[in-house]
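Chemist: This is the structure I want to talk about, given as structure tokens.
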Amino acid sequence: MTREQRLELLRLMLLQRQFEDRVLALYRQGRIAGSVYTGRGQEAVAAAAGLALGPDDVVCPLNRELACHFAKGVTVEEAFRNFLGRADGPTRGRDGNMHFGVPARGVFPLVSMLGNLVPVTVGAALAFKRRGEPRVALTFLGEGAFSVGDTHEGLNLAGVWQVPAVFVLQSNGYSYSTPAARQMVNTNLAERITGGWSIPAERVDGTDALATFAACRAAIERARSGGGPQAVEALTLRIHGHAAHDDARYVPAELRAAYADRDPVARLEERLRLDGVGSEELGALRERVRTTVEQGLLEAEASPAPDPAELEDGVWAAPLEKPDRAL
Amino acid sequence: MRVGRKLRATVEITYLEAVTAALRDALREDERVFLLGEDIGVFGGAFGATKGLLEEFGPERVLDTPISEEGFVGAAVGAAWMGERPVVELQFADFATCALDQLLTVAAKTHWRSGLPLPLVVRMPSGGGVRGGPFHAASPEGLFAGQPGLKVVCPATVEDAYGLTRSAIDDPDPVLVFEHKALYRRLRGPLPPPSLRTPLGRARLAREGADATVVAYGACVWTALEAVERLGADVEVLDLRTVWPFDAEAILRSLTKTSRLLVLQEAARSTGAAGLVLSLVARLGFESLDAPPALHAPPDTPVPFAPELEDAYLPSVESTAAELERLLAY
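Which chain is which? The protein sequence lines are A and B, in order.
27 is the number that the numbering used here gives to position 26 of the first sequence; each next residue is one higher, with no gaps.
1369 is the number that the numbering used here gives to position 187 of the second sequence; each next residue is one higher, with no gaps.
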């Protein structure tokens, strides 16, 4: 990895961190409706996987992976427009927060039902395999999705069909308030994927951005070159609660204390200092990210609200000639 | 079967063979089309709808899957997102429940929230009369009728078994095709030309009449026609063909003429498409009505197995004729 790539990795992580901090503030001010989920502590995984993808690869991010959206070229304005429910946002105000994709940039929209996107990602990879295209489809999941049947059906199909799909598991220890050990007997997901579906799975420290990037890059390239499906299990932290309303008081104090030394952003900054990246350069990068976030928010806030008169547009790609509006 | 253009029209095929012909012609014409489902390759499908297709198109286009409906319907969604035209076979329509999340959560909402077309077809044999019992004889189209983003079709004829399947495959939206398993080998008709398409969303006037309208779909169209014949009545039979979103205008137009309505369906009375049709008529057809709209449908139970029970459960020609008589006498 070049120095520039490392800096880009940091930039993406900072972008997610600062974007989400801004979003939380807006939410608490009542300027964002609904709910807000952050990926604080997990930015390295989102950024590393996103940066490791090629321009023609596709990804189905979940709810803690905004850096992956940004890595694929989704702009801060686009993301803010979705959080603010604006007419020109990716979902035109029809869905909120990080529930969006920008298909033109290879980012497909998440659904809240965990596990659903695993077989969908396998199908996208199947399309690439059928057409002989050197492309990869990647999705994220965590311990929550790992208890859902879809995940297991999807992993099984990926193995049977040997498609270029990559599964990045964010093992952050919790699903909402329930610790992993109360959801499954064996919490070593890499072991289960390898043993259960014969899919190679590497376990990495997900707070180490460089190690996570190396693992994701290797998995993606193995999938691209005909190695079949691959998985990476990133051991990571959920520093915030499940969503903005959740203060995560159920996380034991000693575990919270351990988070302090493992902040992935701080760790990467530390590592970059060894590369000779000084405080001044890091400060300038933070400032640049801050400006991008503020500019993006200003642009998004200037966007129009959606028009209720257009609500029924686009229910179907090809509406029938006489849609039964009367019903 | 490979036949020349001239010969084609003279070949008689079954409803089931019309489905196979539609799949074969779509596979020949569009390389984005591929099939996936349980036992559809080597075995040719539980009912034989994909017989011969593996041999002609190979395992890359006719994929046998594990028993994993949520998984392979989900995979079809992903492939459709990437611009492929997957056609899924569910072995029985009853198993649509296994794939409900992919159909309702992912497929149905995709275009509305992302602008991405989802050209997915899911075909499934539905309906009773073959002693299938609670898990192999259901008519679950009502789970999907009314769902924004989905289209639901129920072919009743050989021609529509071909034409609706081709239109479903051409369509950029998720289309569920409920084939009626009791019609598979019962109906015969000419092999349609490869250009035939049955327009989605349009009902078919199966029989003209002046005194009442029977709205039906699937095998019930034939039950209605026989009941009308038996009574020697002047009754119109409207075959919905597309159950969602259905042809409201055709229903209201017919009602304007006949002023009496019987909705006939094989799905249990509080499910199916009947409720949607009756709701439409209550609100927009009220002034046309000379009698309360009638509903003839099975009771609200699962489909029973024993012949005595299933025969009593399903609308028959006799029971339909009796309902019609009551309606005409009102």
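For every residue, glycine included, the Cβ atom is placed at its ideal position computed from N, Cα and C.
This structure is a prediction, so every number in the text was calculated from the model and none was measured.
Bridge partners for residue 1195(B) per DSSP, in chain order?
Modeler: DSSP lists 1371(B) as partners of residue 1195(B).
Chemist: Report the neighbours of residue 1225(B) on chain A: residues whose CB is nearer than 9 Å to its CB, in chain order.
Modeler: Chain A residues near residue 1225(B): none, gap ~17 Å exceeds 9 Å.
Chemist: Rounded to the nearest angstrom, what separates residue 1467(B) and residue 1437(B) at their Cα positions?
Modeler: Going by the C-alpha atoms only, they are around 7 Å apart.
Chemist: Ignore the nearest five residues each way along the sequence and tell me which others in residue 1452(B)'s own chain have a CB closer than 8 Å to its CB.
Modeler: 1482, listed in sequence order.
Chemist: Straight-line CA distance for residue 32(A) to residue 254(A)?
Modeler: Going by the C-alpha atoms only, they are around 32 Å apart.
Chemist: Determine the contact status of residue 1296(B) and residue 109(A), defining contact as a CB-CB distance below 9 Å.
Modeler: Yes, the pair counts as a contact, with Cβ atoms nearer than the cut-off.
Chemist: If you measure from the beta carbon of residue 39(A) to each beta carbon in chain B, is any gap under 9 Å?
Modeler: Residue 39(A) does not count as touching chain B.
Chemist: Any contact of the stretch 186 to 197 of chain A with the stretch 254 to 268 of chain A, i.e. 3+ C-beta pairs under 8 Å?
Modeler: In short, these stretches do not touch, since the Cβ pair count stays below three.
Chemist: Going straight from the alpha carbon of residue 1219(B) to that of residue 1232(B), what length do you get?
Modeler: Computed Cα separation, rounded: 10 Å.
Chemist: Run through the stretch 215 to 284 of chain A for me and flag every whole beta strand (DSSP E) of 3 or more residues, listed as ranges in chain order.
Modeler: Qualifying beta strand (DSSP E) stretches, in chain order: 231 to 236.
Chemist: If we ignore side chains and look at the alpha-carbon of each, how far apart do residue 1234(B) and residue 123(A) end up?
Modeler: Between residue 1234(B) and residue 123(A), the C-alpha separation is close to 27 Å.
Chemist: Which of the three DSSP states, helix, strand or coil, is assigned to residue 1388(B)?
Modeler: Three-state DSSP puts residue 1388(B) in a strand.
Chemist: Could you tell me whether the Cβ atoms of residue 1396(B) and residue 1359(B) are closer together than 9 Å?
Modeler: Result no, Cβ atoms of residue 1396(B) and residue 1359(B) do not sit closer than 9 Å.
Chemist: Return yes when the Cβ of residue 164(A) is within less than 9 Å of the Cβ of residue 1256(B), no when it is not.
Modeler: In this structure, residue 164(A) does not lie closer than 9 Å to residue 1256(B) by Cβ.
Chemist: Cα-Cα, which of 299(A), 291(A) and 139(A) is closest to residue 231(A)?
Modeler: It is 139(A) whose Cα lies nearest to the Cα of residue 231(A).
Chemist: Contact check, residue 1521(B) vs residue 1300(B) under 8 Å by CB: the rounded distance?
Modeler: With chain B running from 1183 to 1512 in the structure shown, residue 1521(B) is simply not present.
Chemist: My assumption, with CB atoms under 8 Å, is that residue 168(A) sits in contact with residue 127(A). Please give the rounded CB distance.
Modeler: At roughly 15 Å, the Cβ-Cβ gap does not stay under 8 Å, so residue 168(A) and residue 127(A) are not in contact.
Chemist: In angstroms with no decimal places, state the Cα-to-Cα distance between residue 236(A) and residue 298(A).
Modeler: For residue 236(A) and residue 298(A), the distance between alpha carbons rounds to 32 Å.
Chemist: Output, in chain order, the set of chain B residues within a Cβ distance shorter than 7 Å of residue 92(A).
Modeler: Correct list: 1295 and 1296.
Chemist: Expressed to the nearest angstrom, what Euclidean distance is found between the alpha-carbon atoms of residue 1206(B) and residue 1500(B)?
Modeler: So the two alpha carbons sit approximately 38 Å from each other.
Chemist: Taking any Cβ of chain B, which residues in the stretch 151 to 164 of chain A have a Cβ under 7 Å from it, in chain order?
Modeler: Residues passing the 7 Å Cβ filter: 151, 154, 155, 157, 158 and 161.
Chemist: My output table needs one value for residue 1333(B): the three-state DSSP class, helix, strand or coil.
Modeler: Correct three-state label for residue 1333(B): strand.
Chemist: Check the DSSP bridge columns for residue 139(A) and list the partner residues they point to.
Modeler: According to DSSP, which records beta bridges pairwise, residue 139(A) is partnered with 60(A) and 167(A).
Chemist: Give me the chain A residues within the contact set of residue 1244(B), using Cβ-Cβ distance strictly less than 9 Å, ordered along the chain.
Modeler: Near residue 1244(B) there are no residues of chain A at all, since even the closest Cβ is about 12 Å away, more than 9 Å.
Chemist: Could you give the distance in angstroms between the alpha-carbon of residue 23(A) and the alpha-carbon of residue 185(A)?
Modeler: Each residue's alpha carbon lies about 35 Å from the other.
Chemist: Are residue 268(A) and residue 47(A) closer than 9 Å when you measure CB to CB?
Modeler: No, these two residues do not count as a Cβ contact at 9 Å.
Chemist: Determine the direct distance from the alpha carbon of residue 225(A) to that of residue 54(A), and round the result to whole angstroms.
Modeler: Cα to Cα, the separation comes out at about 10 Å.
Chemist: Quick check on the burial criterion: 16 or more other C-beta atoms within 10 angstroms. Buried or exposed for residue 317(A)?
Modeler: Its Cβ being crowded by 16 or more others within 10 Å, residue 317(A) is buried.
Chemist: Please report the distance separating the alpha-carbon of residue 229(A) from that of residue 1408(B).
Modeler: Between residue 229(A) and residue 1408(B), the C-alpha separation is close to 56 Å.
Chemist: By the three-class DSSP mapping on this structure, what secondary structure does residue 1268(B) have?
Modeler: Here residue 1268(B) sits in strand by DSSP.
Chemist: Residues in its own chain within less than 6 Å of residue 135(A) by CB, not counting five upstream and five downstream?
Modeler: Hits under 6 Å: 225.
Chemist: Whose Cβ in chain B lies nearer than 8 Å to the Cβ of residue 117(A)?
Modeler: Going along chain B in sequence order, the residues near residue 117(A) (Cβ under 8 Å) are 1256, 1283, 1284, 1287 and 1288.
Chemist: Leaving out five residues on either side along the sequence, give the residues of the same chain with a beta carbon under 8 Å from the beta carbon of residue 307(A).
Modeler: Correct list, in chain order: 86, 87, 88, 93, 94 and 95.
Chemist: For residue 1430(B) versus residue 1321(B), is the C-beta spacing smaller than 9 Å?
Modeler: Cβ distance not < 9 Å, so residue 1430(B) and residue 1321(B) don't count as in contact.
Chemist: Does DSSP put residue 1362(B) in a helix, a strand or coil?
Modeler: It is a strand residue.
Chemist: Name the one or two DSSP bridge partners that residue 1476(B) has.
Modeler: Beta-bridge pairing links residue 1476(B) to 1444(B).
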